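Structure first, then comments.
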């Protein structure tokens with residue numbers, strides 16, 4: 048395998064912070080508070096990375112526009128954040144106490160009228176595979192602007208233990224890089240890179 052093949056990456060960028068802090072935003076379509084200076088610092092770390100996809104969420108589209116002002120990208124509904132059901136959009140202080148759960152049990156917890164992290168992982172697996180295959184075919188780093196849950200799920204899928212992704216911190220406007228090969232993403236190069 049030549050050095051060029053080692054450049055194939057799937058780069059996942061979490062959207063900028065939401066404008067209204069303190070609420071649980073899964074499917075709630077909240078706008079982002081994009082700081083142009085911070086976005087420029089992040090964009091500088093993405094030199095040579097092409098934008099391939101974005102979640103349809105407004106906060107992701109706004110972030111993608113700030114990072115790649117001259118390039119659009121297809122929206123993929125499979126890249127939406129986890130659906131927290133009737134608690135989506137609720138203040139953190141109003142969320143139910145789930146008690147002490149191990150990571151595996153937390154991943155299996157299905158939010159009322161929503162989905163579990165395990166279900167999120169199953170939902171994004173095909174699009175992560177498709178984007179990874181595209182990056183490998185082009186032998187170039189390709190990016191998607193997504194949500195923290197999507198990044199965690201992609202990490203878990205790469206590790207072969209989907210719920211393990213819940214153990215990773217994913218800050219707003221952070222970058223996670225996955226190495227890809229002919230079978231998809233196979234290793235985590237870095238996670239939670241911040242400018």
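In this note's numbering, the protein residues as written are 48 to 242. Even for Gly, the Cβ is constructed at its ideal location relative to N, Cα and C. It should be emphasised that the depicted structure is a prediction, and the values quoted were computed from it without experimental measurement.
Inter-residue spacing [alpha-carbon to alpha-carbon] between residue 67 and residue 77: 8 angstroms
Other residues of its chain near residue 121: CB distance less than 7 angstroms, five sequence neighbours each side excluded: 100
Sequence-distant residues of its chain with Cβ nearer than 8 angstroms to residue 237 (five each side left out): 222, 223, 224
Through-space distance from residue 143 to residue 82, alpha-carbon basis: 32 angstroms
Entirely enclosed beta strand (DSSP E) segments - the region 145-227, minimum 3 residues: 189-193
First through last residue of the beta strand (DSSP E) which encompasses residue 61: 56-61
Buried or exposed by the 16-neighbour rule on C-beta atoms within 10 Å, applied to residue 160: exposed
Residue range of the beta strand (DSSP E) that includes residue 235: 231-240
8 angstroms Cβ cutoff, residue 130 in contact with chain B: Annotation note: the requested chain B is absent from the structure, which comprises a single protein chain.
Test item: CB-CB of residue 167 and residue 63 under 8 angstroms: No. Outside cutoff.
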